[in-house]
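Accompanying notes for the structure given below.
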Amino acid sequence: MSKKILSANFDLPDSHALRVYEETGGYRAIRKILGTPGDEIIEEVKKSGLRGRGGAGFPAGVKWGFVPKDTDQPKYLCVNADEGEPGTFKDRQIMEQNPHMLIEGILICSYAVGIERAYVYVRGEYVFQIQRLAAAIAEAYGSGYLGKNILGSDFNLDVVIHRGAGAYICGEETGLIESLEGKKGQPRAKPPFPAVVGAFGCPTVVNNVETLSSLPFIINEGASAYAAIGTAKSTGTMLFSVSGMVEKPGVYEEAFGVNLVEFIEERAGGVLGGKALKAVIPGGSSAPILTADEARNTVLDYEALAEAGSMLGSGAIIVLSEDVCIVKALQVITRFYSHESCGQCPPCRHGTYWLARIADRIENGRGEPDDIDLLLSICPEMMGRTICVLCDAAAMPTESYVKKFREEFEEHIRLKKCPMDGAPRLLGIE
Amino acid sequence: MDKQVAEKIAFNEQSERRYQEALEMYPTKEAALLPVLWIAMDQFGALPTEVLEYVSSRLDLPPVRVFSAVEFYTMFYREPRGRYHIQVCRNLSCTLRGSEQLMGLLEGKLGIQPGETTEDGNFSIETAECLGSCGTAPVMRVNDTYYEDLTIEKLEKIIEGCLGGRSSSELLG
Ligand SMILES: Cc1cc2nc3c(=O)[nH]c(=O)nc-3n(C[C@H](O)[C@H](O)[C@H](O)COP(=O)(O)O)c2cc1C
Ligand code: FES
């Protein structure tokens, strides 16, 4: 196991440099496809089974197929490098360690779909990663991989970095597009989907950094080689961001289908300090929580996690040990969603506010016995009722925390305080 | 700012060049708003009313469009911040690894609360949501530089580095 596709170069010296990428077979895939009809490339990507790594897991080739062929309008690619889902820190690894792999992925997608301009929307805090990527883009222009008549063909592509400015909602694809257009990042009602009406009113593909970075391997080795990795419906590998109470937090690439707890033990060194595992958040803070037992009985892929009542999301695994307070965890994440709601849909604006307020008062020993059922009654009112799913992303985990760890909430209310007094203290202070 | 100063608000040569480049990157002028606000932040350090009016006139946008966008994004500041602006992540993975204690230490050391600036203008502190660095929690940013895997000793060195006038990227050096 631990197949390396995306992270193969990460440990090489100067892995970000064009020379290193070329020496390890880089830019072979784009040479291979120039001259092949775009539709054939789209078919190949469909066959590979590659699914979006930004959170929703939509098949990449299918999404590209929705872009109209017979249009006079320009088409755009928006590369989603907003990386805002709490727990996620893998796209930055790609931009830092192998930005040319991303650029080649951008080239492959753009060539297949007939795109001549790609915007890379990078979260505003990633200043170093923007510099790395900008340097790589400059190298690529210098060597004829970007610009006009790429490698002597009639394919043209410009890549522009667009720096975000601090807003989780701009990671949502239509919030991203609004923000790219110079507006507040408030998501748009769908349909129309971006593939038909996206950036500047034109057909637009939005794909995550990691999704695009998987393309060079698919082209080089073939769709069936990629589909042979992982499970039948979750093909290939994913970069899992592991954080929280583990011995060795970090980004680990793994083929789909491994047992979740074995993965945490074997790759991330197990639970910190040899403590017992309490719970795992498997797909970023928007994913419903799994108890230790549930985590032991599931594998890492899209289907298994959905069946376990959670989701694979962005592949961000947050590990909670026995000494972590679940109410505290809920207080922190509901505060986040309340802060990040863009405010245009009332169920989200009000719902996230109330979840955060109630979780906060329970954690601080001011909860009332009715508060637990109040939380549970708010959640269903927030699901499936808004323009985007930020609202669901707050309600789904809340419901799971309360239902699966109800006795911890009751204890807080009964004792009128947090029995664990909040979070573990790891800075070395008492 | 008084009127005389306000009238002097204009991009310097470097900003002007970046402004022209930004316009070429997008099919609409409006889309250059975020890059142009970044250019203004870099030159003026903050975005007071006069600067926003200048930006709106350069982009032919109604001022209300510019003001509402600035309010929406957390990284655009209307008021000047400290020479060292410190953002401490308060999201889950950092909380698990002690970010609340980290913030408490900073508050004690600097004598200010999140959202405030020290009187000498040296420091401002602020909470931040997940900074995309959860594997090296707890994490904070000082200006544009990340400091990760923080411990009490590291924090002390960083503050010492600030007081010694080091650049924000070399505080541990
Ligand atoms: C609130 C919200 C935040 C999101 N943030 C991100 C993000 O930071 N990065 C990302 O790639 N996708 C994010 N997404 C998912 C995008 O909407 C979209 O599905 C994705 O960029 C599509 O690319 P993919 O198919 O390659 O995954 C977010 C979605 C929602 C609802
Ligand atoms: S939780 Fe602090 S960087 Fe992600």
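Each protein sequence line maps, in turn, to chains H and B. Residues in the first sequence are numbered consecutively from 1, following the working numbering. Residues in the second sequence are numbered consecutively from 1, following the working numbering. Just so you know, even glycine gets a beta-carbon here, dropped at the ideal spot from N, CA and C. As the structure is a prediction and not an experimental result, all values here were calculated from the model.
Check: Cutoff 8 Å: B:T74 Cβ touching any chain H Cβ; Outcome: yes
Check: Segment limits, beta strand (DSSP E) that includes H:F240; Outcome: 237–244
Check: Chain-order list of residues whose beta-carbon lies under 6 Å from that of H:S392 (same chain, five-residue window excluded); Outcome: According to the sequence as given, residue 392 of chain H is Asp; it is not Ser. The residues are M383.
Check: Contact set for H:A8: own chain, Cβ-Cβ below 7 Å, skip 5 residues either direction; Outcome: none
Check: Inter-residue spacing [alpha-carbon to alpha-carbon] between H:E174 and H:G182; Outcome: It is worth fixing the name first, because residue 174 of chain H is Thr in this sequence and not Glu. If you take the alpha carbons of H:T174 and H:G182, they lie about 13 Å apart.
Check: Near-chain H residues of the region 49–76 of chain B (beta-carbon distance less than 7 Å), N- to C-terminal order; Outcome: S68, A69, F72, Y73, T74, M75, F76
Check: Chain H within 8 Å of B:E129, Cβ atoms only; Outcome: yes
Check: Sheet register partners of H:F89 (DSSP bridge); Outcome: Paired residue(s): none; H:F89 is not in a bridge.
Check: Under 9 Å from the C-beta of H:L180: neighbouring residues of chain B; Outcome: Y26, A31, L34
Check: Collapsed DSSP secondary structure at H:T211 in the structure displayed; Outcome: helix
Check: For H:P346 and H:I429, the rounded distance between their alpha carbons; Outcome: Confidence in H:I429 is poor, its pLDDT being 47 and thus under 50, which makes the residue's placement too unreliable to answer from.
Check: Chain-ordered chain B contacts of H:A118 [CB-CB under 7 Å]; Outcome: Chain B residues near H:A118: none, gap ~11 Å exceeds 7 Å.
Check: Within-8 Å CB hit, H:F240 to chain B; Outcome: no
Check: Residue from H:E340, H:S338, H:R267, H:M101 with nearest C-alpha to H:E253; Outcome: H:R267
Check: H:I169 beta carbon near ligand 1 (any heavy atom closer than 7 Å); Outcome: yes
Check: Check: H:V62 C-beta below 7 Å from any heavy atom of ligand 1; Outcome: no
Check: Range covered by the beta strand (DSSP E) that runs through H:E253; Outcome: 250–255
Check: B:A137 Cβ short of 7 Å to ligand 2 heavy atom set; Outcome: yes
Check: Distance cut-off 7 Å: H:A223 Cβ against heavy atoms of ligand 1; Outcome: no
Check: Where B:R166 meets chain H, residues with beta-carbon distance less than 9 Å; Outcome: None at all; the shortest Cβ gap to chain H is about 18 Å.
Check: Classification of H:N207 by the beta-carbon crowding that lies within 10 angstroms, buried from 16 upward; Outcome: buried
Check: Any C-beta of chain H under 8 Å from that of B:G132; Outcome: yes
Check: Proximity test, Cβ basis, 8 Å: B:S15 and chain H; Outcome: no
Check: contact_flag[the region 320–340 of chain H, the region 350–360 of chain H] where n(CB pairs < 8 Å) is 3 or more; Outcome: yes
Check: N-terminal and C-terminal residue of the alpha helix (DSSP H) that H:I30 is part of; Outcome: 28–33
Check: Neighbour-count burial assignment, H:R504, 16 or more Cβ in a 10 Å radius; Outcome: Given a span of 1 to 430 for chain H in the structure shown, any question on residue 504 of chain H remains unanswerable.
Check: Interface flag, B:R141 vs chain H, CB-CB below 8 Å; Outcome: yes
Check: Straight-line gap, H:V258 to H:I106 (C-alpha atoms, nearest Å); Outcome: 29 Å
Check: Interface residues of chain H facing B:L106 [CB-CB closer than 8 Å]; Outcome: Ordered by position in chain H, no residue passes the 8 Å Cβ test against B:L106, which lies about 11 Å from the chain.
Check: Range of the contiguous beta strand (DSSP E) that encloses B:E126; Outcome: 123–128
Check: Beta-carbon separation (whole angstroms), H:L433 vs H:L151, contact threshold 8 Å; Outcome: In the structure as shown, chain H starts at 1 and stops at 430, and residue 433 of chain H therefore has no counterpart that could be examined.
Check: Residue range of the alpha helix (DSSP H) that includes B:R58; Outcome: 49–58
Check: Coarse secondary structure for H:A134, derived from DSSP in three states; Outcome: helix
Check: Within-8 Å CB hit, H:T211 to chain B; Outcome: no
Check: When H:I387, H:G185, H:A394, H:K63 are compared against H:Y121, the one with the closest alpha-carbon; Outcome: H:G185
Check: Through-space distance from B:A128 to B:T95, alpha-carbon basis; Outcome: 12 Å
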